[in-house]
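**Student:**
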Amino acid sequence: MNRWNIPNWLELEVIERDRCCVYCGGKFSDKNGSRRNRASWEHIINDVSIITRENIVLCCIGCNSSKGAKSLVNWLDSNYCITRGITRESMAAVVQSVLAAKI
Ligand SMILES: [Zn+2]
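For what it's worth, our numbering labels the leading residue of the sequence shown as 1, then goes sequentially.
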């Protein structure tokens, strides 16, 4: 388990799936790259008890800190998303599934 209580099998599966940020599609930088482009663990629905392959994703630190405690729907209306062209349609399939399920 990592510090978010994500079991190893799930962590490996998500790392394999999310090769770039699920929100902005940005390529992750390595430790020499800029901090905001590095990968971080994210719960799409901000509930740390939902530890499933549908809710655990990797996104860049920039998106993660912008989203913070906002719900996905509210965050989509933020300047951060608007200026970067982040929309429901532009996000990764795993995120779109969450949106589809909630609406
Ligand atoms: Zn991002």
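Here a beta-carbon is modelled for each residue, glycine too, at the ideal position from N, C-alpha and C.
Quick one, which of 48, 38, 24 and 20 has its alpha-carbon nearest residue 88's?
**Tutor:** Along the sequence shown, read from residue 1 onward, the residue named residue 88 stands at position 88. Out of 48, 38, 24 and 20, 24 has the C-alpha closest to the C-alpha of residue 88.
**Student:** Please check the pair residue 63 and residue 28, which I expect to be a contact at CB under 8 Å, by giving their CB distance rounded to whole angstroms.
**Tutor:** As a first step, residue 63 must be located in the sequence shown, where it is residue number 63. As a first step, residue 28 must be located in the sequence shown, where it is residue number 28. Not a contact, Cβ separation roughly 11 Å.
**Student:** Can you check DSSP and say which residues form a bridge with residue 58?
**Tutor:** Looking up residue 58 in the sequence shown gives position 58. Beta-bridge pairing links residue 58 to 41.
**Student:** DSSP three-state label for residue 21, please.
**Tutor:** As a first step, residue 21 is located in the sequence shown; it is residue number 21 there, counting from the start. Three-state DSSP puts residue 21 in coil, outside helix and strand.
**Student:** So for residue 67, helix, strand or coil by DSSP?
**Tutor:** Taking the first residue of the sequence shown as position 1, residue 67 is located at position 67. Note: residue 67 maps to helix in three-state DSSP.
**Student:** From 55, 13 and 65, pick the residue whose C-alpha is nearest to that of residue 43; which is it?
**Tutor:** Along the sequence shown, read from residue 1 onward, the residue named residue 43 stands at position 43. Considering only alpha carbons, the answer is 55.
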